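**Student:**
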Amino acid sequence: AQSVAQPEDQVNVAEGNPLTVKCTYSVSGNPYLFWYVQYPNRGLQFLLKYITGDNLVKGSYGFEAEFNKSQTSFHLKKPSALVSDSALYFCAVRDLYNTDKLIFGTGTRLQVFP
Amino acid sequence: EAGVTQSPTHLIKTRGQQATLRCSPISGHTSVYWYQQALGLGLQFLLWYDEGEERNRGNFPPRFSGRQFPNYSSELNVNALELEDSALYLCASSSTSGDNEQFFGPGTRLTVL
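Going down the list, the protein sequences come from chains A and B.
Those letters in the first sequence? Residues 1 to 114, per the numbering used here, in order.
Those letters in the second sequence? Residues 1001 to 1113, per the numbering used here, in order.
1) In the DSSP output, what is R94 of chain A paired with across the bridge?
2) Interface residues of chain A around E1101 of chain B at Cβ under 8 Å?
3) Contact defined as beta carbons within less than 8 Å: I believe Q6 of chain A pairs with C23 of chain A. What is the distance between those atoms, to the nearest angstrom?
4) Taking all protein chains shown into account, do 16 or more other C-beta atoms lie within 10 angstroms of the C-beta of T1096 of chain B, making it buried, or fewer, making it exposed?
5) Could you tell me the distance, in whole angstroms, from the CA atom of N55 of chain A to the CA atom of G1016 of chain B?
6) Should F34 of chain A be labelled buried (16 or more other beta-carbon atoms within 10 Å of its own) or exposed?
7) Is G43 of chain A close to chain B? Criterion is C-beta to C-beta, closer than 8 Å.
8) For P1106 of chain B, which residues in chain A fall below 7 Å Cβ to Cβ?
9) Does DSSP put E64 of chain A in a helix, in a strand, or in coil?
10) Residues of chain B with CB closer than 7 Å to the CB of F120 of chain A, please, in chain order.
11) With a threshold of 8 Å, are at least 3 pairs of Cβ atoms found where one atom belongs to the segment 68 to 88 of chain A and the other to the segment 1069 to 1084 of chain B?
12) If you measure between the beta carbons of F104 of chain A and A92 of chain A, is that distance less than 8 Å?
13) Nearest CA to the CA of S1031 of chain B: which residue from B:V1112, B:L1113, B:L1047, B:S1007?
14) Does N1059 of chain B come within less than 8 Å of chain A when only Cβ atoms are used?
Here you go:
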């Protein structure tokens, strides 16, 4: 079965410092991987995706993610965190057997302190 | 370009009642997905509609149902509401071409008393 895991419930980082939100995946074949962000009382906003090609994917709001096949990871990164980045972050994999269903991780709450 | 819209924003029902949630996809998108985000359970896939047909459903009982209209908007119906149906229900849409990432609406917060 295809799945993603987000091992950290919460990540705390000081404003201006680099941030990393971790995600590992388990899929058969080549993964389609996504990151979404959810602000309080809001829906999910698409940040970035990896389908194929360059292992470093750049997305919205200065975020990027690195696809690492050997470690089956797709960690989300940002060189300099902002207080406004504080939100709930979800990693997801597209279920290739059901074509379009997204399978989400449990989410990681990012807290950026001033 | 308008994003995915959902109505109502909030819905309060009592146990045993029926709830109807609505979703309008991004213009040009033909696929609509429904997800449930319940406290402590994360995001769970509910239903997928494309071109008016139900293409797939998640591991939910039959009292969760829906439909997609000719204009690609969609309804999610939940019959015989139970307390544990209280959740944020998110709708997403995508096109059928390209890498078709899903774009989400703001959600409907359903509270069952």
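Glycine included, each C-beta is placed from N, C-alpha and C at the ideal position.
Please read these numbers as outputs of a predicted model, since none were measured by experiment.
**Tutor:** Here's the rundown:
1) Here residue 94 of chain A refers to the residue found at position 94 when the first sequence is read from its first residue. Paired residues: A:L102.
2) By 1-based counting over the second sequence, the position of residue 1101 of chain B is 101. Going along chain A in sequence order, the residues near E1101 of chain B (Cβ under 8 Å) are F34, F46, K49.
3) Against the first sequence, residue 6 of chain A aligns to sequence position 6. Against the first sequence, residue 23 of chain A aligns to sequence position 23. The pair is a contact, with the Cβ atoms about 6 Å apart (cut-off 8 Å).
4) If you number the second sequence from 1, residue 1096 of chain B lands on position 96. The residue in question, T1096 of chain B, is exposed, as its Cβ has fewer than 16 Cβ neighbours within 10 Å.
5) Locating residue 55 of chain A in the first sequence gives position 55, counting from the first residue. Locating residue 1016 of chain B in the second sequence gives position 16, counting from the first residue. Their backbone Cα atoms lie some 50 Å apart in a straight line.
6) Along the first sequence, one-based indexing puts residue 34 of chain A at 34. The residue is buried, with at least 16 neighbouring Cβ atoms inside 10 Å.
7) By 1-based counting over the first sequence, the position of residue 43 of chain A is 43. Taking a beta-carbon distance threshold of 8 Å, G43 of chain A counts as an interface residue toward chain B.
8) In the second sequence, counting from the first residue as 1, residue 1106 of chain B sits at position 106. Ordered by position in chain A, the residues that pass the 7 Å Cβ test against P1106 of chain B are R42, G43.
9) In the first sequence, counting from the first residue as 1, residue 64 of chain A sits at position 64. Strand, per DSSP.
10) Given a span of 1 to 114 for chain A in the structure shown, any question on residue 120 of chain A remains unanswerable.
11) no
12) Counting from 1 along the first sequence, the entry for residue 104 of chain A is found at position 104. Counting from 1 along the first sequence, the entry for residue 92 of chain A is found at position 92. Contact flag set, yes.
13) Locating residue 1031 of chain B in the second sequence gives position 31, counting from the first residue. Closest option to S1031 of chain B, Cα to Cα, is B:L1047.
14) Sequence index remark: in the second sequence, residue 1059 of chain B carries index 59 (1-based). Residue contact with chain A for N1059 of chain B: absent (no Cβ-Cβ distance below 8 Å to any residue of chain A).
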